[in-house]
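Chemist: Each residue of the sequence shown is one higher than the one before, starting from 1384 at the first, in this note's numbering.
The C-beta atom is built at its ideal place from N, Cα and C for all residues, glycine as well.
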Amino acid sequence: MTDDVITVEPSEDVVFAFEKLMKHRISALPVIEDDELVGIVTASDLGHNLILDNYELGTTVGEVMVKDVATVEPSETLADAIEKMNEYADDGIINQLVVVKDGKMMGIISDGDIIRALRDI
């Protein structure tokens, strides 16, 4: 799990969010408002829509974020995390789960984190 997570606020511009994703070479940004997880945006979604010019000037993250975020509790097992990724995969590819406890984001676990953990077993 990565606990030093780069995030974005709903009021931020989608272009700024995409630049942040590219700068840090990450695939998703949890959207945080008042210390609460309210959504997520991905590099593939933002990049695709920016290329197709689907966003009007000034479009904010809050307008386009996915609100049904795939999450996992810190107490859940690796098997639980894999199962949740499979459950959410019905709606598309899920590369990460946000780790949440009592509504607060604790970190993020990526498919790469899971692969590394399985390799070490």
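1) In three-state DSSP terms, what is E1419?
2) How about G1443 and V1481: are their beta carbons less than 9 Å apart?
3) Terminal residues of the continuous beta strand (DSSP E) containing S1493?
4) In the DSSP assignment, find the beta strand (DSSP E) that holds L1480 and state where it starts and stops.
5) On the premise that I1491 lies in contact with V1388, defined as a C-beta separation below 8 Å, what is that separation, rounded to the nearest angstrom?
6) Compute the beta-carbon to beta-carbon distance between L1420 and M1488, rounded to the nearest angstrom, for a pair I have assumed lies under 8 Å.
7) Tell me whether M1448 is buried or exposed, calling it buried when 16 or more other Cβ atoms sit within 10 Å of its Cβ.
8) I'd like the list of long-range same chain contacts for V1391, defined as Cβ closer than 6 Å, with 5 residues on each side in sequence excluded.
Modeler: In this structure, then:
1) strand
2) With the sequence shown as reference, residue 1443 is identified as Thr, and Gly is not the correct amino acid for it. Their beta carbons are not under 9 Å apart, which means T1443 does not touch V1481 by this criterion.
3) 1487-1493
4) Per DSSP, L1480 is one residue of the beta strand (DSSP E) stretching across 1479-1484.
5) 5 Å
6) 5 Å
7) buried
8) Excluding sequence neighbours, V1391 sits near A1400, L1412, V1414, V1444.
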